[in-house]
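Chains as they are written, first to last, in this note's numbering: chain R, 87 to 550; chain E, 375 to 1020; chain W, 55 to 222; chain Y, 35 to 134; chain L, 22 to 524.
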């Protein structure tokens, strides 16, 4: 029997990344100075970035597809890894977690995300998810001598495993009802059978697993603890990457496989979205640790992004993607500041920052207002885009709920600004700037403003 | 720019110069600028009067002030007989007061300020009387109010002074409230605020009614009464008279100029100006007449018992103003304005005389502490006496003619007329009484003050006495232009002023007989002399009588002494409640309690809720897992129930 | 009839075993019960003629994973495990939740509609042994997932090393 | 012939037992095992399905699941070991450093 | 126009702000002078608006329009008409005064202060010039950031609370408007073009909803009763410049919004709702005035008086007739001048005494006579004395209000009585009576301060005597606006019922 060799071009980005990751593992033994690896990682990511456009098409019997959608998300993943590496360079040394594996794991996990974005078959989806998740678990616990880091890892791991078990159960039921794991075939199958309670159950199980990945309420509870415990750079990585991947698969699965169960999953997601925005914003107000605060804020943002999915239109999906991209930049920026400061974990550490470090304070101010969604920053464009899609789809009331919550969110972002500008300085804030960190900050702040003022730079806005 | 424009402009210029440079450059030379300016206006005014006497009237616009849609207002001048006479009164009295002040205000730190205010006032008053539209009238109206505010509170370090100024302004605002609405009504229904248009079209409103609180109110009456509100405030009629007595806190020349001769008569002027409107509404007329009569009686009674010389004169002013309204009320606008004009002189004279007395007594105002001033300050005494005779209505003097004219007209004015005539006559008697009460208490008998006061007594400087004398001439002769036909026909002079006013103010037809007229004149003369006689008996012959009377009619006496407790009443029903509401209701309850309660409560509630939610985030893995499972279970049940439903 | 009886036995046995697994105080016991459980599962696979999977189940799970478990269990001291309560405070809630979920699932199970039959009939499998059938599938249609799976294992190794080795 | 539903029901029961175990046990190792239980229950249902649907894909998925399960176990235990080094704790209620 | 004047006027300050932000904070003199120079330059650049303005047309002038975000149909479109041009000038003028008045009083973080000030200016002008709803919203929101800092960083003791309150209040309003904007956008054929919206007719029920959505944002900004409580705090705590900006321009945006959006875009809803609006306005007038009598804090009193005065403005606007609207607009300008001036004055005395409690003052006129005179002018203007600008505005408004509804007009007129009461009482307590030791011995206003205040004094008198200069600007536009409101299709049954309910 002859085995046709599959066309690999669509998978070039993944392949490059994989090879790079494995190579890094070996180089790790050669180089004492891990900075080299970091730069390799960045350059590899850059190369992959370059290959993204020419990787269109589908392969492996259609279980792997590389289209605009997946490419866009891969773009986000790559930006994510680049920025993360940039900000983590000196930081992980400070944290005595300067292992070469750090970078290769990050690459692997990014590969996992890319697979998720490109998956058109539950098997790929599952494997990609596990690939991403497992490496993220390890990254979260990479400060192995630090109890907080361990705790973060164990919590993340156990709950993650639990959720993926749920996912599998859902998949198995789905498989039983359709004899296939391929999205398009499933969709076709459901066309005939229509939705039965069993299928709904499967859908819910899958939705729950994804909600866990994007930290949507009530499957969010791991997020704050993990974000706080993990090394800040990893937190930054996790707050964007897996979330984006989660949204990528949600956007894919629900729009293809569960197409004609839209009524069901919309109602499910609306509930989740409202809860997410509410809990995220309200709990963020009560925080004193800025990483936890950002964790809750990222939960809340997941809520807004879900609205894009709920809209159920192509426009909504693209709004979600745009938001994801914007979120990546502003969130990275905020975390970069947290890393930049020697002592920046508590919100109170920011008191009087504008006196001692005016520039840092100004940057943080920009990111905070962007997260709030005040023009002319990118955050506003994101929200605006989402709301527009939502209202277009006829969910005006939901939009109103959302804007109210975004107004509430202003309260805790303003707290940081207040501490920086309106409180007296407690101690001269020490910072440890590195060129790479500054570069990351520059990129993020630039993007925040550029997207805020000329949103057309984001590819999808022209489609909307 | 023609000369009419110059009339108000000169004082304005003086004001600007003094207020800008007075402080550093001009200092105590301020009066030169002010006086020369007023003198200029006075001369032009006289010339204008001459022209008007030839029958020339002017109605011209200077520039377009406000244009908003169909609402067009100009700054412009209407100069007719009424205006002319007012011009004379204002400029002449103002001029004399200016001169008088040179001596009176000598050495006061605010010297330049005083004169700039006087100029500003003159300007405003002239704008008021010369305006050819309601809004300009309103402009002057408020501006003179402002000046009186400044001048009453001239010595602002004194709380009482600044209080009085504030009170004057705010009380006037109550009147202006009605006045303003009146203006708007007029615009609303006549489409213009220019006199010419108004009087041209006012007839069309006759019989029209407007729905108000479910009642149909006659439109003209409503408008007239609203305008009258303004007059009531400005001319200190009941119930808005309360500010005038307090206004005596200001320097005496101010009292003479503003609170006797000119500003307070603006109300009368306005009513007279609007006679075409008022005449169309009998009700309004009666209201005016009765208000006037009641006020004059009311004020006169208070004046009986006061001891503060300026307050007595002030109340007499209120009472005389009441007289003028009485006249207007019975349709005798001419008589009203005539009285306004004579009153200007003798009342100004009274005030300036009082001022001269104060000057001598080093600020002492209590007539009980005076006495026998006659020999110390003869000029003051004689002029004051002339003024008192004039106001008392002793035949031959100015006051007599105007007052008699009014009473006679009132007598002819139907039932209401008769009533007010009766009241007027009583008032005449009272007036004579309290005027001479001052004469006898202050100038006769022996001095009752302290020794240093006695030592200090002296006649006032020339700059003060000369205006007194000039005014005295006015107080005697001003009335001769209005000798009633009855008397005049014998000596060959007609009632010139009546004919003069005919074109603007008209002339009510008189159907009383000569006998009745004689009777009226006789009664008023009797009243005058009766008043004087009793005053002599009470305060020169048997000084103990007043005390016994006061003792016997204690209640009445104290009521009068306390001015019928009106101030207290207002304080109790208006001032206190408002302030109380401001602090204890609006601030405490509405703003502080309800609104702020919500504004601050919601975030607090959210915060607390957040804190409670935090407890759920316990850090226990199991709890997290359980929450996931619960979530899963809930979603499943809900969705399945829903899908089972459909 | 016979298969039903067999199935009945296995069903009961497996349920009991899993309950035992999650209730034993001593982890070692749990692991051992787990072992038994895996054997039963393998047997069930045999019923469903998936011999290859049954083998994998025994080798991988019983052979590798459980050993790993045991190893760790031994490494951690069990002293305080034996005293101290075994269930978390809110275990009743957990149980209640579990049961209600079970009810839900079983209730839903009624609406199971099988998907269309595939082409791997029993004859086909038996004709070319199960191992070969799966193998072909893995190396043709599922080549890509197969590779990814290898990556997952690689991660597992790397991660385990990173986390567990003592010094850098 | 045993009806498919039986297998599914069986897997459901085991799955739920796994869930319950995960929810109620303090000991992290047992929690891990509960997860293994859940995975195995999934496997059972998958194999059953694939057998009844005459489609081997399900079994392929089972194959992958087993692989991943192994990986998971390895990582999980590694994390546990790392944790145990810093703080001799294998109980969930002993690792509540971070909360709120 | 040789240069894109509006863009210049908007972005010159913003660029300037960045420039200042790049300077070293040690070099304060340079920073101050740059700020002053820029603000003056901006003012002079904005003067052509005044001179070359064509008063005969109601069309937008000095327009600029470029594609911005084509995919959303968003244009970068600017332009002014008779309604907005005056505000641009007012903004540019007041900013200069803000710079000069803060010259010595701002010592901490000067750099950030002037940067924020200029940013605010740019954003504010942008709000008044935008012809694209999206652009408008960007400016509208963007202005919050520097304003928030101005209040919160350089404000009084309770500044943080005030700042956050201000921010959240306005934000809640704005986001609701955002939803409205999007709905409007989708119903306008996916266009944000304001002019296009003005020519579109929307179903009445939609109009009502949108009206309230916009109301949420505008009413908060104005502020109308009962959402006014942020104003006293913000005014009181803000630094002088902040208060001036707030009172002078920022709160005008609400009323401007009503004029620019609610009325022409939603004419029928406006007509239907005008009774409600008028009632709210009258409440604001009386409420604000009475509550002033209870104030013990100088700035707080003026703040509440703003509530009352803005009540007049909204009353005039929703009278929906020429006098009302023109009066309303004029009164906005006046209020900007007068209250701006009052706050400047308060700032001047505060720099000396460092107290805002009225009880700490007294006899100020004896110690600082010139200052007292200047303050008096603003006091008189604020109580609407003829000859000052205040009179013209208030009278026209009352006239308009009275024409629209007699009871409203009458009630509103009571405001002028109370107005006189509280302002004169304030003046008496601060300037008259015995000299309070706290005031004793302070120097009178210096040259810089006189220069700061005098322009406003002159404006007060000038507008008082020649209001036509300003009225003539807005004439055409207002007529056009009124035609739009009154000729749009008759309100449907719903509206009628609502009006019945109100009456």
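Even for Gly, the Cβ is constructed at its ideal location relative to N, Cα and C.
Which chain R residues sit within Cβ distance under 8 Å of residue i?
{"i": "residue 185 (chain L)", "result": "497, 500 and 504"}
{"i": "residue 1013 (chain E)", "result": "286, 290, 350, 353 and 354"}
Counting only the same chain and skipping the five closest in sequence on each side, list residues whose C-beta sits under 7 Å from that of residue i.
{"i": "residue 498 (chain L)", "result": "79, 102, 103 and 104"}
{"i": "residue 191 (chain R)", "result": "221, 224 and 225"}
{"i": "residue 194 (chain R)", "result": "107, 217 and 221"}
What residues in its chain sit with their C-beta under 6 Å from that of residue i, if we drop five residues either side in the sequence?
{"i": "residue 508 (chain E)", "result": "557 and 567"}
{"i": "residue 777 (chain E)", "result": "767"}
{"i": "residue 123 (chain W)", "result": "85"}
Would residue i pass as a contact of residue j if the rule is Cβ separation under 7 Å?
{"i": "residue 270 (chain L)", "j": "residue 112 (chain L)", "result": "yes"}
{"i": "residue 461 (chain R)", "j": "residue 163 (chain L)", "result": "yes"}
{"i": "residue 431 (chain E)", "j": "residue 454 (chain E)", "result": "yes"}
{"i": "residue 183 (chain R)", "j": "residue 120 (chain R)", "result": "no"}
{"i": "residue 816 (chain E)", "j": "residue 798 (chain E)", "result": "no"}
Rank the options by C-alpha distance to the C-alpha of residue i and give the top, closest one.
{"i": "residue 245 (chain R)", "options": "R:217, R:253, R:278 and R:308", "result": "R:308"}
{"i": "residue 475 (chain L)", "options": "L:412, L:392 and L:450", "result": "L:392"}
{"i": "residue 279 (chain L)", "options": "L:471, L:313, L:261 and L:231", "result": "L:231"}
{"i": "residue 674 (chain E)", "options": "E:667, E:690 and E:681", "result": "E:690"}
{"i": "residue 944 (chain E)", "options": "E:545, E:486, E:440 and E:819", "result": "E:545"}
{"i": "residue 252 (chain L)", "options": "L:486, L:169 and L:290", "result": "L:169"}
{"i": "residue 104 (chain Y)", "options": "W:125, W:127, W:118 and W:181", "result": "W:118"}
{"i": "residue 153 (chain W)", "options": "E:941, E:598 and E:1003", "result": "E:1003"}
I want to verify the contact list: residues of chain Y whose CB lies under 9 Å from the CB of residue i, in sequence order.
{"i": "residue 67 (chain W)", "result": "Correct list: empty, because the minimum Cβ distance to chain Y is about 11 Å."}
Name the chain R residues whose beta carbon is nearer than 7 Å to that of residue i?
{"i": "residue 173 (chain L)", "result": "504, 507 and 508"}
In chain W, which residues lie with their C-beta within 7 Å of the C-beta of residue i?
{"i": "residue 113 (chain Y)", "result": "217"}
{"i": "residue 996 (chain E)", "result": "142 and 144"}
Mind listing the chain R neighbours of residue i? Cutoff is C-beta to C-beta under 9 Å, in chain order.
{"i": "residue 90 (chain Y)", "result": "Going along chain R, no residue has its Cβ under 9 Å from residue 90 (chain Y), so there is no contact; the nearest lies around 11 Å."}
Taking C-beta pairs closer than 8 Å, name the residues in chain Y that residue i reaches, listed in chain order.
{"i": "residue 949 (chain E)", "result": "By Cβ distance, chain Y contributes nothing, its closest Cβ being about 56 Å from residue 949 (chain E), past 8 Å."}
Since residue i meets chain E, which of its residues come closer than 8 Å, beta carbon to beta carbon?
{"i": "residue 434 (chain L)", "result": "551, 554 and 555"}
Find the residues of chain L that neighbour residue i, judging by a C-beta separation of less than 7 Å, and give them in chain order.
{"i": "residue 438 (chain E)", "result": "489"}
If the cut-off is 8 Å on Cβ atoms, which residues from the segment 468-487 of chain R count as contacting chain L, listed in chain order? 470, 473, 474, 477, 478, 482, 485 and 486
According to a CB-to-CB cut-off of less than 8 Å, which residues of the segment 109-123 of chain W neighbour chain Y? 110, 111, 114, 115, 118, 119, 122 and 123
Can you give me, in chain order, the residues of the segment 333-359 of chain L that have a beta carbon less than 8 Å from any beta carbon in chain E? 342, 343, 344, 347 and 348
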